[in-house]
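What follows is one structure encoded as structure tokens, with my remarks underneath.
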Amino acid sequence: MITHGFNADATDWVSSMAERMVDYTAWWGQTTSCYQLTVATNSTGAFVVSPSLIRGLPADQSTSGNIIIKLDWSNVAGSVESVPFQIHPAPFATDVIAQAVVPRLLEAGLIPTMQGHALAELPLHFIGHSRGGSLISEIARMLGREGITVDQLTFLDPHPCVANVFPDSLGCPVFDPAPALFANVQFADNYYQLNNELLELDGQSVAGAYNRRLTSLNGGYGSAHSNTHLWYHGTIDLASPASDGLAGITGQDRAVWYAPGETNGAAAGFLHSRIGGGDQSSTNQPLGAGFPAVESGRIGPRLPLAINSRDWPNLSTVRLRNAGFDYSSGVGSALRREGVVHPGSRLDLEVEWIHSAAGSETISYHLDADANPLNGLGQLLTTDLLTQIPGNPGGTQVRSLELTNPTPYGLYWLAAVISGNNRQRIVYADQKIAVLPELRLTLLADGTLRTRGADGYAAAIEEAQDVGTWNLFETVAFPGLQPGTPATTDRPVSLTESRRFFRSRYLGPSSAQ
Numbered sequence: 000m001i002t003h004g005f006n007a008d009a010t011d012w013v014s015s016m017a018e019r020m021v022d023y024t025a026w027w028g029q030t031t032s033c034y035q036l037t038v039a040t041n042s043t044g045a046f047v048v049s050p051s052l053i054r055g056l057p058a059d060q061s062t063s064g065n066i067i068i069k070l071d072w073s074n075v076a077g078s079v080e081s082v083p084f085q086i087h088p089a090p091f092a093t094d095v096i097a098q099a100v101v102p103r104l105l106e107a108g109l110i111p112t113m114q115g116h117a118l119a120e121l122p123l124h125f126i127g128h129s130r131g132g133s134l135i136s137e138i139a140r141m142l143g144r145e146g147i148t149v150d151q152l153t154f155l156d157p158h159p160c161v162a163n164v165f166p167d168s169l170g171c172p173v174f175d176p177a178p179a180l181f182a183n184v185q186f187a188d189n190y191y192q193l194n195n196e197l198l199e200l201d202g203q204s205v206a207g208a209y210n211r212r213l214t215s216l217n218g219g220y221g222s223a224h225s226n227t228h229l230w231y232h233g234t235i236d237l238a239s240p241a242s243d244g245l246a247g248i249t250g251q252d253r254a255v256w257y258a259p260g261e262t263n264g265a266a267a268g269f270l271h272s273r274i275g276g277g278d279q280s281s282t283n284q285p286l287g288a289g290f291p292a293v294e295s296g297r298i299g300p301r302l303p304l305a306i307n308s309r310d311w312p313n314l315s316t317v318r319l320r321n322a323g324f325d326y327s328s329g330v331g332s333a334l335r336r337e338g339v340v341h342p343g344s345r346l347d348l349e350v351e352w353i354h355s356a357a358g359s360e361t362i363s364y365h366l367d368a369d370a371n372p373l374n375g376l377g378q379l380l381t382t383d384l385l386t387q388i389p390g391n392p393g394g395t396q397v398r399s400l401e402l403t404n405p406t407p408y409g410l411y412w413l414a415a416v417i418s419g420n421n422r423q424r425i426v427y428a429d430q431k432i433a434v435l436p437e438l439r440l441t442l443l444a445d446g447t448l449r450t451r452g453a454d455g456y457a458a459a460i461e462e463a464q465d466v467g468t469w470n471l472f473e474t475v476a477f478p479g480l481q482p483g484t485p486a487t488t489d490r491p492v493s494l495t496e497s498r499r500f501f502r503s504r505y506l507g508p509s510s511a512q
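The sequence shown begins at 0 in the working numbering and counts up by one.
Below, the structure written as structure tokens:
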């Protein structure tokens, strides 16, 4: 969910950011859904929060399972012109707006094509600029009151509306709560500037977040406050030049705006999200020694929730641990080629959960052909019953799941569903699984080395004379006429070569070689 601040709405830079996310290298699936959630008041003054599909497919028809929500509260946000001139109606405070939004996120019927699911059942990432930073903080706090964990908060130059400081010389007629992180937020990143210029809004650091102060934000909008969301846009749209429809980032801007460790934006911002695939527990310091490490956004301090009904169970981690499933490639999940398993083999995974107040939940595991639970979860692998240990609201386990034989060859996602207290939450492991024929090498009588594997994939054949030192012998690519199905390649070997040991391993899809 992406939202704006005081003077904007969801039709300008917010729309452009949402559209560029779909083109991000590591985006899951080829299709997605983009909705707008509009906050307004009716004739009686009551809030009305209504969704509309504005781009892509209905939620149950996309292959990614990612739903982008543009939160437009411009009708009730007011404007800087509301403050001294009363040209626009006075704004509502962000905690008041959050009280209207949160019940809709819990509502199973908010988006009809979600087939009875609520948005809160899925991992939640909120992005907010300026006053929007206060709003997403309040939304997260109120979700925590229901017992719901929030996957990520991203603050873009957060600046709450507070009397005498919005801007410094104008004042503000309402009081927004300061952006803060509560115990139910798993990861938070904050990108802010402090230019201290007249009539220019400054951001602020947020305790417990990965705080990245931005400097030298020249160009773009000509405003450091607006250039903060343009900076983040540049970590999604990696082109040079890149544009959000209102302002652009040149290659020269990239060289100044991003630190060397941020690789012109490719190793910053959106990378540190579930979709981006960066390691949120990384000790890497993108700005260099003495500056914050990325992990500070996960291990930093959190404020306790004054109220937590624990109505909802939660899954915080679902991670595949088989050899070949890489979680340390460092530059996004696009570089994480799918891990390879074979029918009849096992999937090893690490799972962390938080119980609801009921204290007894089940976790079911599914092999899904896409990453969208709204069109079905695919093949059920198993269901576990979880029993809460007194005094311990959560748990962790390493689980080994057997793939039935035969499991049809193909690419899958692993879905985990925790259910309890008449509620559920759904998380997908963030790496695809390739169920492929097992690689086999056969040395035929005529001196031919036959390799059997999956069509459309490449494999490395290694050789050794004493099984102690292995060297690359050859890379083979199966033709790709029927991807995923068994295929063979033949290669003649000399008499000398035939007196060696051979082994093979998958490298990935042959198109990636």
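Built from N, CA and C at the ideal position, the CB exists for glycine as well.
Item: C-beta contact flag for P159 and A187 at 8 angstroms; Value: no
Item: Validate contact between the stretch 347–366 and the stretch 404–423 using beta carbons, cut 8 angstroms, 3 pairs; Value: yes
Item: Buried versus exposed call for R439 [16 or more other C-beta atoms within 10 Å across all chains shown]; Value: exposed
Item: Buried or exposed by the 16-neighbour rule on C-beta atoms within 10 Å, applied to P291; Value: buried
Item: Beta-carbon gap between L443 and R449 smaller than 8 angstroms; Value: yes
Item: Sequence-distant residues of its chain with Cβ nearer than 7 angstroms to L380 (five each side left out); Value: Y364, H365, L366 and L400
Item: For C33, the residue or residues it bridges with in DSSP; Value: R54 and I67
Item: Backbone CA spacing between G358 and A238 [nearest angstrom]; Value: 49 angstroms
Item: Sequence ranges, alpha helix (DSSP H) only - wholly within the stretch 106–187, length at least 4; Value: 130–144
Item: Cut-off 7 angstroms between Cβ atoms - residues of its own chain near F84, not counting five sequence neighbours on either side; Value: Low confidence applies to F84: its pLDDT is 41, below 50, so where it sits in the model is not reliable, and the reading given next is rough at best. Closer than 7 angstroms at the Cβ level, and outside the excluded window around F84, lies no residue.
Item: Other residues of its chain near A99: CB distance less than 8 angstroms, five sequence neighbours each side excluded; Value: V38, F46 and V48
Item: Endpoints, beta strand (DSSP E) assigned at A458; Value: Y456 to A463
Item: CA nearest to the CA of L155, picked from I425, R130 and L373; Value: R130
Item: For G409, the three-state DSSP class (helix, strand or coil); Value: strand
Item: Beta-carbon spacing of T31, I67 below 8 angstroms; Value: yes
Item: Cα-Cα separation, V330 to G277; Value: Its pLDDT being 36, under 50, V330 is placed unreliably by the model, and nothing is read from it.
Item: Residues near L52 in its chain [Cβ-Cβ closer than 6 angstroms; skip 5 each side]; Value: Y34
Item: Three-way DSSP call (helix, strand, coil) for D445 in this model; Value: coil
Item: C-beta contact flag for L105 and E137 at 8 angstroms; Value: no
Item: Under 8 angstroms between C-beta atoms of A458 and A486; Value: no
Item: Residues bridged to N283 [DSSP beta-bridge criterion]; Value: Looking at the DSSP assignment, N283 forms no beta bridge with any residue, so it has no partner.
Item: Per-residue DSSP class, three states only, for F84; Value: Low per-residue confidence applies at F84: pLDDT is 41, beneath 50, and the placement is therefore not dependable, though the value from the model is reported in the following sentence. DSSP places F84 in coil when its eight states are reduced to three.
Item: The beta strand (DSSP E) enclosing Y231, as first and last residue numbers; Value: That residue, Y231, is in no beta strand (DSSP E); its alpha helix (DSSP H) goes A223 to H232.
Item: Residues bridged to R522 [DSSP beta-bridge criterion]; Value: Nothing can be reported for residue 522, as the shown portion of the chain is limited to 0 through 512.
Item: D429, buried or exposed, once every other Cβ within 10 Å from all chains shown has been counted against 16; Value: buried
Item: Proximity below 8 angstroms, CB of R19 to CB of H124; Value: no
Item: Per-residue DSSP class, three states only, for F269; Value: helix
Item: Cα-Cα separation, Q192 to G207; Value: 17 angstroms
Item: P57 versus V21: straight-line alpha-carbon distance, rounded; Value: 15 angstroms
Item: Segment limits, alpha helix (DSSP H) that includes R19; Value: W12 to V21
Item: V397 classed as buried or exposed, judged by whether at least 16 other C-beta atoms fall within 10 angstroms; Value: exposed
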